[in-house]
Every structure is written in C-alpha cells, then in structure tokens.
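Q: Note that the protein sequences, when read in sequence, are chains A and B.
Every letter in the first sequence is one number past the one before it in this note's numbering, and letter 87, counting from 1, is 87.
Every letter in the second sequence is one number past the one before it in this note's numbering, and letter 162, counting from 1, is 1162.
C-beta: ideal position from N, C-alpha, C; glycine also.
This structure is a prediction, so every number in the text was calculated from the model and none was measured.
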Amino acid sequence: MQNVVFPNKILPYFLVAPQIVLTVIFFFWPASQALYQSAMREDPFGLRSAFVGLSNFQAIFTDPNYLHALQVTLVFSVATAAVAMGTALFLATAADLVVRGRGFYRTFLIIPYAVAPAVAGMLWLFMFNPAMGTFAYLLRRNGILWDPLLDGNQAMTLVVAAAAWKQISYNFLFFVAGLQAIPKSLLEAAAIDGARGARRFWTIVFPLLAPTTFFLLVVNTVYAFFDTFGIIHAVTGGGPAKATETLVYKVYNDGFVNLNLGSSAAQSVVLMIIVIALTAFQFRFVEKKVHYG
Amino acid sequence: MAEIELKDVRKVYGGNIEAIKGVSLTIADGEMIVLVGPSGCGKSTLLRMIAGLEGISSGDIAIGGRVINTLEPAERDIAMVFQNYALYPHMTVRQNLSYGLKNRNTPKDEIDRRVLEAATALEIEPFLDRKPRQLSGGQRQRVAMGRAIVRKPAAFLFDEPLSNLDAKLRVQMRVEIRRLQRSLATTSVYVTHDQMEAMTLADRLVVLNGGRIEQVGTPIELYERPASTFVATFIGSPSMNLLKRKAVEGSGWVLATSSGVAAGVDTVGIRPEDIVIAEDNSPADFSGQVQVDAVELVGAESYVHASLADGSPIVLRVPGRTRLGIGETIRIAAAQANIHMFDETGKRLP
C-alpha cells in the first residue's frame, strides 16, 4: 500500500466523514444500545427498566426455544451454504466449458444477486404457495403432499431454496474467477497425466479452488446467519411452529413482536460475538492458510 | 521407444488463419529433435499438436506406427515438460511424480519404485516430501523432468523448458537434459527459440518459419550449409553477414575467383568467424576494404562492426583484443569455401 499524503489537513476528514457517520449511527450506536439493554429488564409497560446483570444471558441459554432456534440456524446455514455453493460450483464449471456466448450466460446468472431478499422470498413463496403456486401444483400432482404452512421440513426446504438461490450468483462469480485463475498448463499436464472429467476435477481443480471455496464458506455462513431475515420473514415468518425461526428471526420476534427487549438485546449481543468471531476467523485463516505459492 | 511421423500436418484457426502449413517430418526412435524458430513460427503449436493439446486440422501424426490424431493426450504415451513447469501446487513432489501412474492404476509398489528411481536419477530425493513452492527454480525444473521420465513414455515433449531459469542454471540443465535423454534413449521433441540450446541439444534441428519447415538437418549441416538466408541468420551468433551482390561489387570488391560467380546470385553470406583481417595484399577469394565503426570486446574475442563503401554493415569476429581504432580502414578477406550464395528469394545456390 502506498501512503498518500494530502496537502490539506481538513479535507481527508471530510472525505471519510460520511462513512464514519453511517457507521456510528447504524452500527456503534445500536450496538452500544444492545449491549446496554442486554443487561436491563423492562417492566411490562415499558415505563421502567432495571439493571439485572447477566441474567438475560442466563435466561436465553437455558431457554429451550433459544436452543431450538440455534439448531434451526445451524441446519439452515449449513444447508443454504451447501446448496448455494454446490450449485454455483456446478454452474461455474459448466460455464467454463461454454465457448460461445460465455459472457451472455455469465451476465444472466448474476441477476438473482441484484434481487432484494424480500422480493426473492415473495417469488419463491408464490411459486410454492400451496393454494396457487405453480410448482406446488406440480408437486401435488406428482403425489407429494406439499404444504409448507403445515410441514416444518417443507418450510425449511423452501427458505433454504430461496436463500440459496439468491446467493448462487455471488458464489458463481467467485468460482468463475477462481477457475480462470487456474493456470491452463496445469490442466494440460493433468490431461497428459491421464486425469479426465470427474477425476481431474476432484484431484486438481477442486483443491486449487480451495482458497475461493474457503472464502465463500465464510461469506455464505455469514449470509445465512444474518442476511436472510427478509427471506424468512416473507416466506414463512419463522413458522410453522418455529420450524424456520433462526437466531436473527428470533431477535426480531422477541424484541419487536413480543417486546421482550432485554432478551432480544442479549440475543443480538450473542449474534454480534458470532459475527466478530467469523470475521476474525476469515482474516486469520482465509488470508494465510489456504493459499498456494 | 517409438518413431514419430508427421505427414502433411496442418493447423487452421478460425477457418482461415493457417498456423501450420503442411509439415512432414520423420523423427527416428531415440532421436532428439529440436524445433527452433522465431516467436509465432508455429513451433509450440506443432509440439502441442503432437501432445494432443491442439487439434490437427489435416494430415496425420503417428507415434510408434499408430496414428494418434484423435486420441486423448493421455492415450498417446507421451510426457511433456512445460515452460512454467506446471507442477501441481497442492501436491508434494512425490505426489506430483506418482499422479500420472496412479491415474493409470499402476500398483503401489511399482509406483514407489519408479518414483524413487526417477528421483535418484534427477537428485531430487531429499525434496520428495516438499511442496513445489518450497523448491528453487532449478529444483522445480527437475521435478517437472521427473514427472516426465517416471512414466517411461514413448516420447518426451519439451516446451521451452529452460526459459524460466537464469543463464548459469540453463547451461547446467541443458547438459543434464542431454545426458538424461541419451541414457534413456527416448524419442524427444524439444521446442526453443534459443539457438544456442538448439545447437547443443539437437541430433537434428528443424528450423520453422511462418508455419513451414525451412530446413531440417544436424546442427553442423545447418551451420555449414544453410538452405536459406533465414536459416543462415538464425543459426550462429553473431549472425551471418548478408551482403547484396550489388553493394559488394559496387564497392570495388573482388568476389569469387576460381569458380566464377554462379548465375543468379543476389546475396552473399559470410559468417563473422570466417572473415580474417588481411595484413598484406595477399590474394584471397573474397577481399576488400572496410571502415571500422565500432569494436565490441566480449572477453575471449572481439566483434568488429564495419561498413562497406556503400554503407552496408559487416561484422567480423577476431580473437582476443584488437587494437583497431574507430574510423580506421582495413582490408578483410575470406575463403571461397566459406562464402554462401543465395538467390533473390533467399534460397541457397549450390
């Protein structure tokens, strides 16, 4: 990195000010409020609050509902990351083989990423709505009792599909770039060494994509943990019977619907710790460990 | 062990760009052929066509009597050494060497034995459990060679394997490749743009120019009897002086005495090392006055850059240091046997 020296002493502060202001208003302030409220308990009318120390944390970790939400989040995140990355990798390898119209396919495969989470959720909700969804109709006609409003597993499948669908584009872009970065002569050497098709992919291409895969694993986990609220809210609202209630959704539900601010704040502090840990993990390992020189 | 035969091989890109314009060549069993030529002459393309990394537009390539035009690279029984080594970065040296054998379902003890054998031959045993990034350029080059020899293929293909090494290491590896190729007696095709490499490695040289074979022959044949001005200037350093006949005669030079000038001579070629500075006026087959423009001392010898009366440049090679001063006029001479004559298309005249 090159050090740039501004001749003007004040201008640089003006230039970074918008970002600083945004970060302070939308991150530091709410985060400090969450920390503060996680140690408070409000009365039922929201008129007074009292300091209760760590008892909010104690409460959530002994609450079976919270542990259930944790389990739901893990299942949801693993499934979403696996589906999103697996599909993206498949599409990227396929796009790598396309000779004509490569740019066209790539451009169109990126579009879902530009769709807002809530809109993506609505899209999948309509397609699989048991009453009027086209795909729901097809599923039922083929003998599958499709009703995500009643069946928790089907609801989970639906939110995973919607969440993964939106993330595929992002993963696809990185995998395409990763595939292009593999020196052509390595693949030629592998071809001469008698490795073809699946064997070449798993012994040469996939290991060489490891840095990309690892990076995407962290990004997708963070995405599934934190960025999927809109999709869950639009598709299932956490139901049926909390089957799709993830940690983030529970923060919203407990805080803004049930107005249990202390518990909700404590939960968001836990989430904050998770995201900090994931980021630290990414910086430490993604940057260093999984690279080939 | 195999003979490689190319029959009127062509490569056409995009329907109209002809990269290889009909190459026919027979490479004998155990022979080391060097394809040489300027960049863009098609030498790498031709090698990659033999390897199966490029398709063959027309013609036939046969290895060991078997036409391999449509076979996969792996089925051609060849091994290739790439310019950038192309070692698998995520595998240890041992895994790199055994990968090709594993893919062919060679028994494990056979793999171990062959890997050890190759590693010993190339002196890379101590590095077997290291990753390529922990090796120096020369060591990586050895591993790349090892990956080729461990398979005991019918032919080795080398694609400018030494161009990423520094000058000293290059000379060392060159000798080693030659020694290895001799001891294994495996048919080899070696691509390079370095004429020094080409001269020292080749049993026979193939000079390519614009997708065509310009000349095939032993290094000495090409040096002594270049078939064209292209080959004449490509082989030898500093390259052969090419003088227009008109310039030579117009400058009052004496050209060819005994045999008489062959009809149709357009260009006269003389190698810098075949020119001597004639102290006296002793008769020579080819002699005349030149003016010294510059002197380059390169150690054991000096290159004298001079010009004829009409300004045509000429370079001569003199042993040791010379006391010639710039602007000095000297008389130079050469023997008839060392004079090459070419017609106006650049073809050699007998």
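Which residue wins for smallest C-alpha separation from Gln1139/B, given the options Val1290/B, Gly1269/B, Ala1119/B, Ser1239/B?
A: Closest by alpha carbon: Ala1119/B.
Q: Using 8 Å for Cβ pairs, my map puts Met156/A next to Phe76/A. What's the rounded Cβ distance?
A: With 8 Å as the limit, Met156/A and Phe76/A qualify as a contact, their Cβ atoms being about 7 Å apart.
Q: Can you tell me whether Thr236/A is buried or exposed? The criterion is at least 16 other CB atoms within 10 Å of its CB, across all chains shown.
A: It is buried - the Cβ of Thr236/A has at least 16 other Cβ atoms within 10 Å.
Q: What residue range is occupied by the uninterrupted alpha helix (DSSP H) comprising Met1145/B?
A: It spans 1137-1149 - the alpha helix (DSSP H) in which Met1145/B sits, taken as one unbroken run.
Q: Within the present structure, is the beta-carbon of Glu1197/B separated from the nearest heavy atom of the ligand COA by less than 7 Å?
A: Among the components of this structure there are no ligands whatsoever, and the ligand COA is therefore not found.
Q: What are the residues of the segment 183-203 of chain A that lie near chain B, defined by any Cβ-Cβ distance shorter than 8 Å?
A: Listed in sequence order: Pro183, Ser185, Leu186, Glu188, Ala189, Ala190, Ala191, Ile192, Asp193, Gly194, Ala195, Arg196, Arg199, Thr203.
Q: Report all residues from its chain with a CB closer than 7 Å to the CB of Glu42/A; omit the five preceding and five following residues, and keep chain order.
A: Once the five neighbours on either side are set aside, the close Cβ partners of Glu42/A are Ser49, Leu261, Gly262.
Q: In three-state terms, what does DSSP make of Thr228/A?
A: Looking at Thr228/A - three-state DSSP - the assignment turns out to be coil, as it is neither helix nor strand.
Q: If we require 4 or more residues per run, which alpha helix (DSSP H) segments fall completely within the segment 1141-1227 of chain B?
A: DSSP runs (the alpha helix (DSSP H)) wholly in the segment 1141-1227 of chain B: 1167-1184, 1195-1201, 1219-1224.
Q: Could you check which residue in Gln180/A, Asp227/A, Ile204/A has the C-alpha nearest to that of Ala95/A?
A: Comparing Cα-Cα distances from Ala95/A to each of Gln180/A, Asp227/A, Ile204/A, the minimum goes to Gln180/A.
Q: Put Tyr1088/B into one of helix, strand or coil per three-state DSSP.
A: If DSSP states are grouped into helix, strand and coil, Tyr1088/B belongs with coil.
Q: Go to Ala1334/B, then tell me how far its beta strand (DSSP E) extends in each direction, as first and last residue.
A: Its beta strand (DSSP E) spans residues 1329-1334.
Q: Contact criterion: CB-CB distance below 8 Å. Does Ala1086/B meet it with respect to chain A?
A: It does: the Cβ of Ala1086/B has a partner Cβ on chain A nearer than 8 Å.
Q: Counting contacts by CB-CB distance shorter than 8 Å, is Ala162/A in contact with chain B?
A: No - not a single Cβ of chain B is within 8 Å of the one on Ala162/A.
Q: With a threshold of 7 Å on Cβ separation, who are the neighbours of Val269/A within its own chain once the five nearest residues in sequence on each side are excluded?
A: Correct list, in chain order: Ala34, Leu35, Ser38.
Q: Check whether the Cβ atoms of Val1009/B and Met1049/B sit closer than 8 Å, and answer yes or no.
A: Yes, these two residues count as a Cβ contact at 8 Å.
Q: Any idea what DSSP makes of Gly262/A, helix, strand or coil?
A: Three-state DSSP puts Gly262/A in a helix.
Q: In three-state DSSP terms, what is Val5/A?
A: In this structure, Val5/A counts as coil in the three-state DSSP scheme.
Q: Suppose you measure from the CA of Pro30/A to the CA of Phe175/A; what does that come to, to the nearest Å?
A: Each residue's alpha carbon lies about 35 Å from the other.
Q: Strictly under 8 Å for the Cβ-Cβ distance: is Leu1162/B near chain A by that measure?
A: Answer no: the Cβ-Cβ gap between Leu1162/B and chain A never drops below 8 Å.
Q: Out of curiosity, what's the CA-to-CA distance linking Arg284/A and Gln1134/B?
A: Distance between the alpha carbons of Arg284/A and Gln1134/B is about 22 Å.
Q: Around the Cβ of Tyr296/A, are there at least 16 other Cβ atoms within 10 angstroms (buried) or fewer (exposed)?
A: A question about residue 296/A goes unanswered here, because the residues of chain A that appear run from 1 up to 293.
Q: Check for me: the beta strand (DSSP E) holding Ala1019/B runs from which residue to which?
A: Here the beta strand (DSSP E) through Ala1019/B covers 1017-1027.
Q: What number of angstroms, rounded off, separates the C-alpha of Glu1018/B from the C-alpha of Gly1211/B?
A: When rounded, the distance between both Cα atoms is 8 Å.
Q: Skipping 5 residues on each side, what residues in its chain have a beta carbon closer than 6 Å to that of Met122/A?
A: Closer than 6 Å at the Cβ level, and outside the excluded window around Met122/A, lie Ala234.
Q: The beta strand (DSSP E) that contains Lys1043/B, what's its start and end?
A: Lys1043/B -> not in any beta strand (DSSP E); alpha helix (DSSP H) instead, spanning 1043-1051.
Q: Does any residue of chain A have a CB that is nearer than 8 Å to the CB of Pro994/B?
A: This structure leaves residue 994/B out entirely; chain B is present only between 1001 and 1350.
Q: Please say whether Ala1198/B and Arg1351/B have beta carbons closer to each other than 8 Å?
A: Past the boundaries of the shown model lies residue 1351/B; chain B is included only from 1001 to 1350, so the question cannot be answered.
Q: Please list the partners that Leu208/A has in chain B, where partner means a Cβ-to-Cβ separation under 9 Å.
A: Residues of chain B passing the Cβ test: Tyr1088, Pro1089, His1090.
Q: With a threshold of 16 other CB atoms inside 10 Å of the CB of Val1081/B, please say whether the residue is buried or exposed.
A: Looking at its Cβ environment, which holds 16 or more other Cβ atoms inside 10 Å, Val1081/B is buried.
Q: From Glu1003/B to Val1034/B, what does the alpha carbon distance come to, in whole angstroms?
A: Distance between the alpha carbons of Glu1003/B and Val1034/B: 15 Å.
Q: Check whether the segment 1053-1062 of chain B touches the segment 1162-1178 of chain B, counting contact only when three or more Cβ pairs, one atom from each stretch, lie closer than 8 Å.
A: Segments in contact, no.
Q: Closest by CA to Gly1022/B, which one among Ile1213/B, Val1248/B, Gly1346/B?
A: Here the closest residue by C-alpha is Ile1213/B.
Q: So, with DSSP's three-state summary, where would you put Thr1120/B?
A: Helix.
Q: So which of Leu173/A, Ala69/A, Asn153/A, Phe27/A has the shortest CA-CA distance to Thr212/A?
A: For the residues Leu173/A, Ala69/A, Asn153/A, Phe27/A, the minimum Cα distance to Thr212/A belongs to Leu173/A.
Q: Going straight from the alpha carbon of Thr1026/B to that of Met1240/B, what length do you get?
A: Whole-angstrom Cα-Cα distance: 29 Å.
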